[in-house]
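Residue numbers (our numbering): 890 to 1770.
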């Protein structure tokens, strides 16, 4: 609301004088800015003191002139006109006309009723008693605080002054001591100089001693004598400097506080602890005491090997000191050389440090936990591995137990993968089965199955008996130390003879219960389901005897039964959980690969959130396909998983590359022998990791000392373009086992001329590689003796050259056959006959007892009495056994 001054003239008072009112309010517009870009226009008013003048109107102020010149805006409501005291000095204003006393009394009463005004012209309202009391209390509190701050400032100033006085006294005492020391030194110097002069005077008494030169006519005054007697201050003992006064006090003062306002003499001071440290340093400096740096003892972590520079950095020592210690021990090394942990420990202990030795393999500590307490374990399903010879009915038995038809999908009717299945019986009990292949190439699969199992079911066909892979399965079971149950299959055939199987098992130290042994045997028929219930009962009975238990309430641990690379799902690993519970989202480490579990799929293709002990599941989320048989463990973080896999990959790479040390003589000879060996490079891609491993082992067994198959790359998954590029660089064929090449790989192979062979049965693959290796074998040369001839005379023929006249002494000599020239029972030449003549005619052969003429191809050094041996060479093609 804008106050508007009343500019109307009042009526003349007594004496004919008039009172004039000036404009007391000046208004203007100010724009205020707020946050978020908002603004507001505000009317600002400025009030001035109103002056009442008698007589004529005073000259208006410049602002009033402008206000009169401009039309005044209409006020919202009229502002009251109040009388004010004149703001100008009294000397500059005319004295007002005194009013009568009767008129002054009401004016004084009205002035008492009017509210008080501030000097700025703002009207102040009357304070209440509460507000007055609150203001009085606030003022008292402020005064008390100011008094307390003043007392504290005075106390600090007094303490600082005492400290300055003490330091000044110490400086004066130090200066006095320095002066006394200088005087003593000057007196000693003067005494030495006087004694030197006396000695010189005594040595030459006739020569007068020259006195110091002084101005002529002047004698030594008392002041000069006193000045000469004073000790001279040496150059090294200067007078102590006076303390510096405050500088830039106005700049340092900063914001004005109550303490600074009442204590103008207090400047910025150093802390008391800083002063004490300075005094202590000065005292030790005067006393000549130097503080030796304290030795810091550290715990140094030393790996198996470490460089000298790294060891020095970990100890915070100089590398030169480390090298000096090694030189004292007779070891001359550079700063970048590597030393073993024992030497590093000796050096660290010599320098006073403690040592903590670690190995690079310590990253795997705690990965596999300790065995759980017995009270924490709970019963679990037994793990049963089905083993036996090829085509003895292992997969058919599992089909009958699972009520499925797995065997119908096997290529060639044989199992070439290791599978894991869980069967739920009618009683509610569960049994986990592992199906292993029976082919000879899958030895490692059978060994892996025997290691992770609780019970081995040995399947033997009643009509076939014990076969080589049956014997191998028995050996694996004995090596793993697991109990065995013999399942005599194919009892539905008329030619089946279970007693024959039991007798043959006795030759391999497998005694069944019928013969007084401890191995249970069950006669079954997987085709019509005979005896399956008895086999299940035998398995459960054996599991009850073993008391198979595990702790499900812990981090999961298991083993990779099989691994493959699925085009749609990526790396997939079949995991058999041995203890703990594997959940979706866990971070797992399997061999040289790690990942976060994205999904768990059971043996029936169903997604499950978790998998407990003895439950086989497929795990999705690994970074790559691990090796079959690798241990799977759950870790707490990705960093630890990456650290473990990096270490394992580095160890694997070092094994593959080799140590690179000096080779022995035997190694050099074997390397030379291997250089002469012919190699067939191949690239193997299989559907699962276990099959790829079995193929590599089968190809390694085919090699001989002369030829061998070298697998330059093996992996799980389809044939890719990178495989074709590698095959092009190494000139190697690509073998695909139950996999196919994508379109890009096929086009690249067609352009590069690389052969890609596909196989679904391992028999065919092994036979083809064996045939290829057989073709690389050098053929065998067989010699057939024909006859001997003796040279009787040498004839020189102009067109033919030298011709040997011979007599056939044994056998027959044929033209074009191989011959050897023997002189004194030593073979001189070996070649072919170019000419065979009987008199003047060319003949094909000459019989024993006849004479003939013979000439060699590209050889003329024949002598009388030499023997010519004639033979044929037969080339025989070799094959691998």
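We treat Cβ as the ideally placed atom computed from N, Cα and C, and that holds for glycine. As the structure is a prediction and not an experimental result, all values here were calculated from the model.
Three or more Cβ pairs drawn from the segment 1477–1493 and the segment 1516–1523 lie within less than 8 Å of each other, which places the two stretches in contact. Where residue 1630 is concerned, there is no enclosing alpha helix (DSSP H), because DSSP gives it neither an H nor an E. In the DSSP assignment, residue 1229 falls within the beta strand (DSSP E) that extends over 1227–1229.
Only buried fits residue 1626, as 16 or more other CB atoms lie within 10 angstroms of its CB. Between residue 1628 and residue 1576, the C-beta gap is smaller than 7 Å, which places the two residues in contact. DSSP assignment within the segment 1420–1471 yields the following whole beta strand (DSSP E) runs of 3 residues or more, N-terminal first: 1446–1455 and 1459–1468. Taking the Cα positions, residue 1039 is about 24 Å away from residue 1023.
Of 930, 1325 and 1310, the smallest CA-CA separation from residue 1583 is found for 1325.
Straight through space, the alpha carbons of residue 1646 and residue 1630 are spaced by roughly 10 Å. Along the length of the segment 1164–1205, whole alpha helix (DSSP H) runs at least 4 residues long occupy 1197–1204, reported in chain order. Only residues of its own chain outside the window of five on either side were considered, and among them 1532, 1533 and 1536 have a CB closer than 7 Å to the CB of residue 1252, listed in chain order. In this model, residue 1394 and residue 1355 are separated by some 7 Å (Cα to Cα). For residue 1389, the enclosing alpha helix (DSSP H) starts and ends at 1387–1395. The C-alpha of residue 1651 lies about 51 Å from the C-alpha of residue 1716. A residue is called buried when at least 16 other Cβ atoms come within 10 angstroms of its Cβ; residue 1510 meets this threshold and is buried.
Take residue 1616, set aside five residues on each side of it, and the residues of its chain with a beta-carbon closer than 6 Å to its own are 1572, 1623 and 1643, in chain order.
Distance check between residue 1314 and each of 1275, 1424 and 1387 places 1424 closest, using alpha-carbon atoms only. Between the beta-carbon of residue 1491 and that of residue 1508 there is about 11 Å, and that puts the pair past the 8 Å contact cut. Separation of residue 1363 and residue 1595 (C-alpha to C-alpha, rounded to the nearest whole angstrom) is 34 Å. Shown here, residue 1364 sits in a helix according to DSSP, grouped into three states. DSSP, reduced to helix, strand and coil, places residue 1528 within a helical segment of the structure shown. In this structure, the CA atom of residue 1188 is about 10 Å from the CA atom of residue 1241.
Counting only runs of 3+ residues, the beta strand (DSSP E) found wholly inside the segment 1570–1606 occupies 1596–1605, in chain order. In this structure the segment 1397–1417 does not lie against the segment 1438–1454, because fewer than three pairs of beta carbons, one per stretch, are closer than 8 Å. In the three-state reduction of the DSSP assignment, residue 1651 falls in the helix class. Under DSSP, the beta-bridge partners assigned to residue 918 are 932.
Look at residue 1747 here: in three-state DSSP terms it is coil, with no helix or strand label. Residue 1381 holds the alpha-carbon nearest to the alpha-carbon of residue 1418 among 1442, 1381 and 1391. Considering only 1069, 1706, 1430 and 1309, the residue with the shortest C-alpha distance to residue 1493 is 1309. Put simply, the backbone Cα of residue 1443 is about 24 Å away from that of residue 1512.
By the neighbour-count criterion, in which a residue is buried when 16 or more other Cβ atoms sit within 10 angstroms of its Cβ, residue 1371 is buried. Residue 1396 counts as exposed, since fewer than 16 other beta carbons sit within 10 angstroms of its beta carbon.
Bounds of the beta strand (DSSP E) holding residue 1763 are 1756–1765. Distance from the Cα of residue 1528 is smallest, within the candidate group 1499, 1486 and 1476, for 1476. Within the same chain, 1415, 1418 and 1421 come within 7 Å of residue 1289 by CB-CB distance, once the 5 residues on both sides are set aside. Take residue 1208, set aside five residues on each side of it, and the residues of its chain with a beta-carbon closer than 7 Å to its own are 1197, 1198, 1201 and 1224, in chain order.
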